[in-house]
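Participant: Quick note, the sequence shown lines up with residues 1 to 121 if you use the UniProt record's numbering. The beta carbon of each residue, even a glycine, is placed where N, CA and C say it ideally should be. Note that this is a predicted model, so its numbers are computed, not measured.
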Amino acid sequence: MYFENTGLENIHVDIALLESIMNNHALTKEGQWDYERVTYDRKFIVREGTYYLRVFAYAIDGDVDSNDATMRVLKPVLGKHYYPHGVEYGEDEHFPEHLVKTCIGILDSIKKEVKAFEISV
């Protein structure tokens, strides 16, 4: 389930700042990055299953590995985890309303923090 019109899409921000803000909201990148892209995840284990809120970003300038990059944030997504196959984001998935509301609240908080430091390109 992609979150539309969060205000995060296409924001440009320094990677060190983005990392700090994401960590403040319990979204971590763990090993999900390369030199140009990064994925921040927050895991939710609820009665209905295991879900991941994911925020993707890619470098428009610089290098993720050196922690010196300007990142463009992409559309956030909520996915359901199926062992051992992975995370599914499809329209036919069921996403509990309470979880969706929680994710929207998290994304709103992130947007407010990131907007203050947005880089104009």
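Count the other C-beta atoms from every protein chain shown that fall within 10 angstroms of the C-beta of Val13, then say buried if there are 16 or more, exposed otherwise.
Facilitator: In the sequence shown, counting from the first residue as 1, residue 13 sits at position 13. Val13 should be labelled buried.
Participant: Pick from Asp34, Lys80, Tyr82: whose alpha carbon is nearest that of Asp63?
Facilitator: Looking up residue 63 in the sequence shown gives position 63. Residue Asp34 is the option with its Cα nearest to Asp63.
Participant: Is the separation between the beta-carbon of Met1 and that of Val73 shorter than 8 Å?
Facilitator: In the sequence shown, counting from the first residue as 1, residue 1 sits at position 1. In the sequence shown, counting from the first residue as 1, residue 73 sits at position 73. Contact flag unset, no.
Participant: Are Ala57 and Leu18 close, meaning C-beta to C-beta below 8 Å?
Facilitator: Along the sequence shown, read from residue 1 onward, the residue named residue 57 stands at position 57. Along the sequence shown, read from residue 1 onward, the residue named residue 18 stands at position 18. Contact: yes.
Participant: Here's a check: name, in chain order, each residue in its chain whose Cβ is nearer than 6 Å to the Cβ of Gly7, leaving out the five neighbours to either side.
Facilitator: Sequence index remark: in the sequence shown, residue 7 carries index 7 (1-based). Lys111.
Participant: Check whether the Cβ of Pro76 sits closer than 7 Å to any heavy atom of the ligand SAM, and report yes or no.
Facilitator: The ligand content of the structure shown is nil, which means the ligand SAM is not present either.
Participant: Roughly how far, in whole angstroms, is the beta-carbon of residue 154 from the beta-carbon of Asp41, given that I think they are within contact range, below 8 Å?
Facilitator: This structure cannot settle anything about residue 154, because the visible part of the chain is limited to 1 through 121.
Participant: Looking only at its own chain, which residues have a Cβ that is under 7 Å from the Cβ of Pro96, when we skip the five neighbours before and after it?
Facilitator: For the purposes of this step, residue 96 is taken as the residue at position 96 of the sequence shown. Correct list, in chain order: Val46, Glu48.
Participant: In three-state terms, what does DSSP make of Val100?
Facilitator: On the sequence shown, residue 100 is found 100 positions in, with the first residue counted as 1. The answer is helix: DSSP assigns Val100 an H, G or I state.
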